[in-house]
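**Q** Numbered according to the numbering used here, the sequence shown terminates at residue 680, and the numbering increases by one at each position without gaps. Note that beta-carbon positions come from the ideal geometry of N, C-alpha and C, so glycine has one too.
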Amino acid sequence: MNEILKHLEDFHGHLGPYAVIGYRMGLVANEQLGSDPFEKQVQVKTGTTPPLSCIIDGIQYSSGCTLGKGNISVKTLDDPTAIFTNKQGRSISITLKKDIRTEIDSRVTKDNMIAYSKNMFIRSNEELFIIQ
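(1) Select from 664, 658 and 678 the residue whose C-alpha is nearest the C-alpha of residue 565.
(2) According to DSSP, is residue 625 helix, strand or coil?
(3) In angstroms with no decimal places, state the Cα-to-Cα distance between residue 552 and residue 572.
(4) Nearest to residue 641 by alpha carbon, out of 614, 560, 648 and 575?
(5) Does the Cβ of residue 603 have 16 or more other Cβ atoms within 10 Å, making it buried, or fewer, making it exposed?
(6) Have a look at residue 679 and residue 644 and give me their C-alpha separation to the nearest angstrom.
(7) With a CB to CB cut of under 8 Å and the five nearest residues on each side skipped, what residues in its chain are close to residue 619?
(8) Apart from the five residues just before and just after residue 639, which ones in its own chain have a Cβ nearer than 6 Å to its Cβ?
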């Protein structure tokens, strides 16, 4: 297994596609707004119910925005969207595409979860997200 995925698995407790999606969202934010976790904050709209809320752990792992730093907040919505803002006021909204969410929710099982997670890890940002 890829070392990054292994570390994400250790952080989250298991490897699942939504944790990988969150990880990828954090990477996009780092590319667009900078990698310093003290220079940005994020609002995640997943709520706190798994499996969708697993996105939160992926975001924390890759972006460095954490509950402990106080620069991540969670809205109780069933919406796979993360809105990152940096201290200069630049903002980016990253939403998981509906067809990808439908694919995960309808096709992922315990037996293929690792394979699907690896698949989400290598897909392009354009295939996975609406970025605004």
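**A** Quick look at the numbers:
(1) 664
(2) coil
(3) 11 Å
(4) 575
(5) buried
(6) So the two alpha carbons sit approximately 9 Å from each other.
(7) 585, 586, 588, 589, 590 and 613
(8) 633
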